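Note sheet for the following structure.
Set out below in structure tokens:
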């Protein structure tokens, strides 16, 4: 097992280049920030040599933080209202410098970059801090060097500050600042004017049961856990790679007879939904599972839905589409039917839906009724027999470049939550392939592998 040695750890604060330091300010979290996971998101990025010196990476990070000040702040509660927000106090981010054991090349430890617990050694741990109230850094980075000159940059960034798209934009900006070029696009930090509720409010959609639910009772929670999770079965994270040819065939079959073709994201989400459902044994077969409702929880980026909000917005702006059907119908029908469910439900989460959510979340009903965001529970997908999909196909992680060229490998952190699927950005190899990480109980993994790369496997079972 390769040893990774931490050589130094320090706080990096924004560098305003000799200009005036902005005053400390408090920015309340938006309704979209408040329904996000209240935890860190991890990622690992690998670069071939040449790589910049550590001093250049540190200086570039400081310059980028001057443009993205929220990442150098701290989460706090407003003393007057109790509402959570970001204190822009320039307290800094943690910067860790590490090295692999002498003589170790990155090629020799590539399994470290797979979705296993070992990948955790390449990004900082997070969750605590040195502040009196326990609120620590909102961003931590680790720079690990290998004997071959390769560089691995790992990050832990708090989801309350920004979503995956916002995080990728900051990492791209860090690379630009390290290379000495202008940060582009210029970040948009306005967490107020874009999300003002309408007066009077117009709650035109049902948000109870979608973005908010009553907390599960402990007794019910334990009962469902015993049914769905089994007796302590281990959760495995499977890395799968779909070739250009497989994706083309998948899209061709799904789109046959459809009024317009389905996208890569729609087809992969539908395909993986069916594979996970079949692997869980929910398609019928005497156990009664076929009549069970299964839902796909698909993250929808509001930047593409709300015309007033630019792509460079730096906070959270994600809601969820929830296509649902019975397990039997999902597996008995053709792939195109599942893809249509995905497309139709994703299209429903439009500008009007986002505005309705803002009005509902700002109305006081959430607090009065004690509602909570259901997907803030990382085990919600497993407990419901559902699948949660994070599609990163359009998230520009592979645009990160610190001066030696774009990264050749990216992986999210190891996240063994059953029923969670990450569809990763297209391969930088340019071969048209797409990779995904799928978390399932070990007892289901063999069935998943058997059907994941075979469209014919599904069709043969449909005819039985």
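Residue numbers (our numbering): 972 to 1435. Glycine included, every Cβ here is placed at the ideal spot set by N, Cα and C. Predicted model only: the values in this text are computed from it and were never measured.
task = Classify residue 1118 as helix, strand or coil using the three-state DSSP reduction.
result = coil
request  = Determine the contact status of residue 1330 and residue 1169, defining contact as a CB-CB distance below 8 Å.
outcome  = yes
key: Contact with chain D by residue 1034, beta-carbon distance below 8 Å   = Of the protein chains in the structure, only one exists, and it is not chain D.
query = Going by DSSP, what residues sit across from residue 1444 in a beta bridge?
reply = Nothing can be reported for residue 1444, as the shown portion of the chain is limited to 972 through 1435.
query = Between the beta-carbon of residue 1058 and the beta-carbon of residue 1047, is there less than 8 Å?
reply = yes
message = On a Cα-Cα basis, can you pick out the residue from 1356, 1411 and 1159 that is closest to residue 1274?
response = 1159
task = Starting from the Cα of residue 1377, find the closest Cα among 1225, 1016, 997 and 988 and give me that residue.
result = 1016
query = For the beta strand (DSSP E) that residue 1412 lies in, which residues bound it at each end?
reply = 1405 to 1412
message = Taking the straight line between their C-alpha atoms, what separation do you get for residue 1496 and residue 1165?
response = A question about residue 1496 goes unanswered here, because the residues of the chain that appear run from 972 up to 1435.
ask   = What residue does the alpha helix (DSSP H) around residue 1085 start on, and which one ends it?
value = Taken as a continuous stretch (DSSP letters only), residue 1085 belongs to no alpha helix (DSSP H), as it is neither H nor E.
key: alpha helix (DSSP H) segments (min. 4 residues) lying fully within the region 1214 to 1266   = Fully enclosed alpha helix (DSSP H) runs of 4 or longer: 1215 to 1226 and 1235 to 1250.
task = Find out if the Cβ-Cβ distance for the pair residue 1383, residue 1014 is shorter than 8 Å.
result = Cβ atoms of residue 1383 and residue 1014: closer than 8 Å.
ask   = Cβ of residue 1028 within 7 Å of any heavy atom in the ligand ADP?
value = As presented, the structure is devoid of all ligands, the ligand ADP included, so that no description of it is given.
Cβ-based neighbour list, residue 1090, same chain, cut-off 7 Å, excluding 5 preceding and 5 following = 1015, 1083, 1084, 1382, 1384 and 1385
ask   = First and last residue of the alpha helix (DSSP H) that includes residue 1280?
value = It is not in any alpha helix (DSSP H) - residue 1280 carries neither H nor E in the DSSP assignment.
query = Between residue 1398 and the rest of its own chain, which residues show a CB-CB distance below 6 Å, the 5 nearest in sequence each way excluded?
reply = 1404
task = Could you check if residue 946 is buried or exposed, using at least 16 other CB atoms within 10 Å of its CB as the buried criterion?
result = This structure cannot settle anything about residue 946, because the visible part of the chain is limited to 972 through 1435.
Rounded separation between residue 1291 and residue 1272 - CA only = 9 Å
task = Count the other CB atoms, across all protein chains shown, that sit within 10 Å of the CB of residue 1065; report buried if there are 16 or more and exposed otherwise.
result = buried
task = Mind checking which residues open and close the beta strand (DSSP E) that includes residue 969?
result = Residue 969 lies beyond the range of the chain shown here (972 to 1435); nothing can be said about it.
query = Based on the DSSP output, what are the partners of residue 1068 in its beta bridges?
reply = 979 and 1114
inquiry  = Classify residue 1402: buried if its beta carbon has 16 or more other beta carbons within 10 angstroms, exposed otherwise.
reply    = exposed
Rounded Cβ spacing between residue 1313 and residue 1363 (contact assumed at less than 8 Å) = Contact doesn't hold; Cβ gap of about 16 Å is too wide.
query = Are the beta-carbon atoms of residue 1069 and residue 1143 separated by less than 8 Å?
reply = no
key: Cβ pair residue 1039, residue 1296 closer than 8 Å   = Not in contact: residue 1039 and residue 1296 (Cβ atoms no closer than 8 Å).
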